[in-house]
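Here the sequence shown is numbered in the UniProt record's numbering, starting from 1 and rising by one per residue.
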Amino acid sequence: MRTLIKNGRVITAVDDYFGDILIEGERINLIGESLEMEADKVIDAEGLLVIPGGIDAHTHMDMPFGGTTSADDFESGTRAAAHGGTTTIIDFAIQNKGQSLYDALDTWHGKAAGKAAIDYGFHMIATDLPRERMGEMKKLINHEGVTSFKLFMAYPGVLLVDDATIFRAMTTAGEEGALICMHAENGVVINEIVQYALERGCTAPKFHALTRPTKAEAEGVNRAIALAEMAGSPVYIVHLSCYDALKKIKEARDEGIPAFAETCPQYLFLDYTHYESKDFEGAKYVMTPPLREKWNQEELWTGLRMNDLQTVSTDHCPFCFNDQKQLGKDDFSKIPNGGPGVENRMSLIFNGGVVEGRINLNRFVEITSTAAAKIFGLFPRKGTIAVGSDADIVLFDPNKKMTISAKTHHMKVDYSCYEGKEVQGTAEYVFSRGKLIIEKGKYLGKAGDGSFLRRSTVQHKTKESVLNITKQK
Ligand code: URP
Ligand code: ZN
Ligand code: ZN
């Protein structure tokens, strides 16, 4: 199949030009001016931006959590992502305590196989990493294309791992050129605050936020950076939500420490006051870290503009309001943590970033696609428009407006965090590896179009670790 895209304005993280693109099979074959050749399909992209498909490096499809399972599976979730202009997700496989990493990976391969509409990779959430498992971790990195691992400082008794485990994992990741993704919140202290609040009858959704202070996140970020420095490895902070935490990243980066971080649309557009909505509606926004005071939002945008934050991912982890969120009706700590967003990321960031004048078009592409491809070992196959790259291409209308609503979205969840919000900028045509899967709001793909992505190691391998002391023997 040959597709010719004509007259578009091609935007990558570094380019901005008018040109034509020939897709041959799954790849970009030729880019030039006024291309005139035979093609099975010709699309006139005049007035549209031609951008690399979005990469959402943080989603949770079909994830058991908080006594229930996230509402989107790989079929509905990736289809919704495609509607919004995202053509790659990196989801999370989860290792149960005592389970081998390989078993965990098999389980997640089983959940995704034959279902995904777009390509996907896996990070591994590791909960049990004794020394004996380091060999398995290395095999995942070098043979299975799983080159990043998420560790939790939060959720004691469920996902939390101790500092020794974090240091051990960072050491191994550093040696292999892999990356540790950190959920950086001091969950042990948070648990104390939660118990204190519950004992005093503070059960409403807003106490989810009030029991998780920004200092608990900043402490986690600080500790993650210190441990990574000792291990001589880079670290990537997931879902960074506030200025206190951002300051720690900025300080580290100013000193040349390889600390990376993502934020999410919810922290850029929503704030603490949403928890005070009437009739338990605040539960819709119970996610971790929680929404913060509004003034943090502009600081996060500055972080994105100045490259102290490199990526915007969604942390898409939807739970329906009408049944799942109700699990915490009488106790905020039982509300399943997470919210929907995979479909809305590109339009929200375009609207809040480019239309409202906070970032330029190149930076928009960089934070929604290119940087994630580079950090997570997918570049240049993904994340750019270049000859030889996968033809993951979005023809994006920078002027078209839409109103976000649960009535029209494609995520399998009964509410939207952005209900009624008008955004400018929509994905009109979406190609996934050369196949047109979205055309003006219509889904043309099928379950199973998406394939598993084996990612490379791209981080610099450890040279300076405190463990080098043994060389002094
Ligand atoms: O509330 C959230 N973020 N749920 C998903 C799990 C996580 O910590 O990323
Ligand atoms: Zn997390
Ligand atoms: Zn998450």
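For glycine and all other residues, C-beta sits at the position ideal for the given N, C-alpha and C.
Since the model is a prediction, treat every value here as computed from it, not as a measurement.
Asked, Found
"Between the C-alpha atoms of Ser34 and Asn7, what's the straight-line distance to the nearest angstrom?", "8 Å"
"Can you give the Cα-Cα distance for Met61 and Ile190, rounded to whole angstroms?", "26 Å"
"Under the rule that 16 or more other beta-carbon atoms within 10 Å means buried, what is residue 479, buried or exposed?", "The structure shown does not extend to residue 479, since the chain is modelled only from 1 through 473, so no value can be given for it."
"For Tyr267 versus Lys206, is the C-beta distance shorter than 9 Å?", "no"
"Compute every distance between the C-beta of Val238 and the non-hydrogen atoms of ligand 3, then say whether any falls below 8 Å.", "yes"
"Report the start-end ranges of each alpha helix (DSSP H) in the region 312-359 that is 4 residues or longer and not cut off at the edges.", "345-349"
"At the level of alpha carbons, what is the spacing between Thr211 and Pro289?", "10 Å"
"Just the C-alpha distance for Gly177 and Leu378, rounded to the nearest angstrom, thanks.", "14 Å"
"Across which residues does DSSP place Ala252 in a beta bridge pair?", "Partner(s): none; Ala252 has no beta bridge."
"Let me know if Gly341 comes out buried or exposed under the rule of 16 or more other beta-carbons within 10 Å of its beta-carbon.", "buried"
"Taking the beta carbon of Met411 as the centre, do at least 16 other beta carbons fall within 10 Å, making it buried, or is it exposed?", "buried"
"Would you call Glu132 buried or exposed, if buried means 16 or more other Cβ atoms sit within 10 Å of its Cβ?", "exposed"
"Which of helix, strand or coil does DSSP assign to Val413?", "coil"
"List the whole-angstrom C-beta distance separating Gly339 from Cys317, where the pair is believed to meet the contact cut-off of C-beta under 8 Å.", "7 Å"
"Report the residue ranges of all beta strand (DSSP E) runs contained in full by the region 124-171; include only those spanning at least 3 residues, in chain order.", "148-152"
"Are the Cβ atoms of Lys41 and Thr3 separated by less than 9 Å?", "yes"
"Taking only heavy atoms of ligand 2 into account, decide whether any of them is closer than 8 Å to the Cβ of Asp315.", "yes"
"Please return the same chain residues whose Cβ sits closer than 7 Å to the Cβ of Glu343, not counting the five positions on each side in sequence.", "Ala80, Ala81, His83, Gly84, His409, His410 and Met411"
"In terms of residue numbering, what span does the alpha helix (DSSP H) encompassing Lys206 cover?", "Lys206 to Leu210"
"Quick check on the DSSP output: the beta strand (DSSP E) that includes Gly54 runs from which residue to which?", "Gly54 to Thr59"
"What runs of the beta strand (DSSP E), each 3 residues or longer, lie entirely inside the region 85-130?", "86-94 and 119-125"
"Could you round the C-beta distance between Met346 and Asp315 to whole angstroms and report it? I think they count as a contact, below 8 Å.", "In fact, because the Cβ distance is near 15 Å, the residues do not count as touching under 8 Å."
"Please work out which residues of its chain come closer than 7 Å, Cβ to Cβ, to His274, disregarding the five sequence neighbours upstream and downstream, and give them in chain order.", "Gly282, Tyr285 and Leu291"
"Run through the DSSP bridge pairs and tell me what Pro64 is partnered with.", "Thr69"
"Considering Cα atoms alone, identify which of Glu26, Gly25 and Ile31 is closest to Ile11.", "Ile31"
"Please identify the residue among Gly220, Gly232 and Tyr155 whose C-alpha is closest to the C-alpha of Thr462.", "Gly232"
"Taking only the alpha-carbon atoms, compute the straight-line gap between Ile237 and Ala224 and give it to the nearest angstrom.", "8 Å"
"Threshold first: 4 residues or longer. Then list the alpha helix (DSSP H) segments lying entirely within the region 244-303, N to C.", "265-269"
"Compare the beta carbon distance of Val458 and Thr147 with 9 Å and say whether it is the shorter of the two.", "yes"
"I need the straight-line Cα distance from Asp44 to Ala112, nearest angstrom please.", "34 Å"
"Is the region 297-311 touching the region 429-446, taking contact as three or more C-beta pairs under 8 Å?", "no"
"Relative to the C-alpha of Gly121, which residue among Ala57, Lys294 and Glu175 is closest?", "Ala57"
"Taking 9 Å as the threshold (C-beta atoms), are Ile438 and Ala447 in contact?", "no"
"To the nearest angstrom, how far is it from the Cα of Asp119 to the Cα of Ala391?", "12 Å"
"Where does Val221 fall in DSSP's three states?", "helix"
"Does the Cβ of Phe152 lie closer than 8 Å to at least one heavy atom of ligand 2?", "yes"
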